[in-house]
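Enquirer: Next up is a structure, given as C-alpha cells.
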Amino acid sequence: MRIAYFSDTFYPQLNGVVTSILNSSKILAERGHKIKIFTIKTNINKLKLHKNISVVKYTSIDAFRYPGYELVIPRSLHCLNEIKKFKPDAIHIHTPTLLGWEAVVCGRLLNIPTIGTYHTLIPDFLNHSPIPKIGELVIKKKLAWKYTNNFIDSSRALDHA
Numbered sequence: 039m040r041i042a043y044f045s046d047t048f049y050p051q052l053n054g055v056v057t058s059i060l061n062s063s064k065i066l067a068e069r070g071h072k073i074k075i076f077t078i079k080t081n082i083n084k085l086k087l088h089k090n091i092s093v094v095k096y097t098s099i100d101a102f103r104y105p106g107y108e109l110v111i112p113r114s115l116h117c118l119n120e121i122k123k124f125k126p127d128a129i130h131i132h133t134p135t136l137l138g139w140e141a142v143v144c145g146r147l148l149n150i151p152t153i154g155t156y157h158t159l160i161p162d163f164l165n166h167s168p169i170p171k172i173g174e175l176v177i178k179k180k181l182a183w184k185y186t187n188n189f190i191d192s193s194r195a196l197d198h199a
C-alpha cells in the first residue's frame, strides 16, 4: 500500500503528532508499505527514516506566534504533481491546516480515499495559544468548532471505505 501523510508539524519538533507520524510510518514501512510525508521544510538529517519513507518539504512560516509550530505555504500544483507521481492508495491528514486542505483537494481531484486523525482539540488549544484575542473565549471556541467540523466533514466526504 502507498500512503501520503500530510502534516504541518514534523521532526525535529517533539509532540504527539510527530510521534504518531514517526511510529506509524515506521511500522507500515517495515511491513513493506511506501509512505510519503508532506510537511514543513525541516532538517531531518539526524533522523534515520526507513527506505520506504520519503519526505516532501514545503516552505513554512511561524504559526500564530506559537513557538516551534509552523504552517506550510501551499504549492498546490507541486503537491498535486507529487501525489500523481506517488499514486497513493490513501491520503492521511494529520493537521487541519492549509496543507490539510491541499490534501483534501488532491483526494477529491484524484479520487483517492482520504482520512484524518484529529490530534489536537483546537477549541481547547486556544486557551493555551498566543493567538490574539477575538472577543470572548466562547466566540473563539465556536469559530474553532465551526472550522474544525467543516474540515472534518470535507475530508470525511472522501472516505471510500
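For the sequence shown, our numbering assigns the number 39 to the initial residue and increments by one for each residue that follows.
Virtual Cβ for every residue (Gly too), placed ideally from N, Cα, C.
Just to confirm, are residue 58 and residue 155 a CB contact at a threshold of 9 angstroms?
Expert: For this step, residue 58 is matched to residue 20 along the sequence shown. For this step, residue 155 is matched to residue 117 along the sequence shown. Their beta carbons are under 9 angstroms apart, which means residue 58 touches residue 155 by this criterion.
Enquirer: Residues in its own chain within less than 7 angstroms of residue 67 by CB, not counting five upstream and five downstream?
Expert: Along the sequence shown, one-based indexing puts residue 67 at 29. Around residue 67: 73, 88, 90, 91.
Enquirer: Please classify residue 114 as buried or exposed, where buried requires at least 16 neighbouring CB atoms within 10 angstroms.
Expert: Along the sequence shown, one-based indexing puts residue 114 at 76. It is exposed - the Cβ of residue 114 has fewer than 16 other Cβ atoms within 10 Å.
Enquirer: For residue 44 versus residue 116, is the C-beta distance shorter than 9 angstroms?
Expert: The residue you call residue 44 lines up with position 6 of the sequence shown. The residue you call residue 116 lines up with position 78 of the sequence shown. Contact flag unset, no.
Enquirer: Does the Cβ of residue 28 have 16 or more other Cβ atoms within 10 Å, making it buried, or fewer, making it exposed?
Expert: Because the chain is modelled from 39 through 199, residue 28 falls outside the range shown and cannot be assessed.
Enquirer: Taking its Cβ as the centre, do 16 or more other Cβ atoms sit within 10 Å of residue 121, making it buried, or is it exposed?
Expert: The residue you call residue 121 lines up with position 83 of the sequence shown. That one is buried.
Enquirer: Is the CB-CB distance between residue 123 and residue 97 below 9 angstroms?
Expert: Position 85 of the sequence shown holds residue 123. Position 59 of the sequence shown holds residue 97. Contact flag unset, no.
Enquirer: Using a 10 Å radius around the Cβ and a threshold of 16 neighbouring Cβ atoms, would you call residue 46 buried or exposed?
Expert: In the sequence shown, the residue the question calls residue 46 occupies position 8. Buried.
Enquirer: Less than 6 angstroms between C-beta atoms, sequence neighbours within five positions excluded: which residues of the same chain meet that for residue 111?
Expert: Stepping through the sequence shown from its first residue, residue 111 is reached at position 73. Counting only Cβ-Cβ distances below 6 angstroms, and skipping sequence neighbours, we find 97.
Enquirer: Can you pull the DSSP bridge partners for residue 94?
Expert: Here residue 94 corresponds to residue number 56 of the sequence shown, with the count starting at 1. For residue 94, which the question treats as bridged, DSSP gives the partners 76.
Enquirer: Compute the Euclidean distance between the alpha carbons of residue 53 and residue 147, then round it to the nearest angstrom.
Expert: Position 15 of the sequence shown holds residue 53. Position 109 of the sequence shown holds residue 147. Residue 53 and residue 147: Cα-Cα distance of roughly 31 angstroms.
Enquirer: So which of 50, 65, 70, 132 has the shortest CA-CA distance to residue 83?
Expert: If you number the sequence shown from 1, residue 83 lands on position 45. When only C-alpha atoms are compared, the closest one is 50.
Enquirer: Starting from residue 44 and walking both ways along the beta strand (DSSP E), at which residues does that stretch end?
Expert: For the purposes of this step, residue 44 is taken as the residue at position 6 of the sequence shown. Residue 44 -> beta strand (DSSP E) spans 40 to 44.
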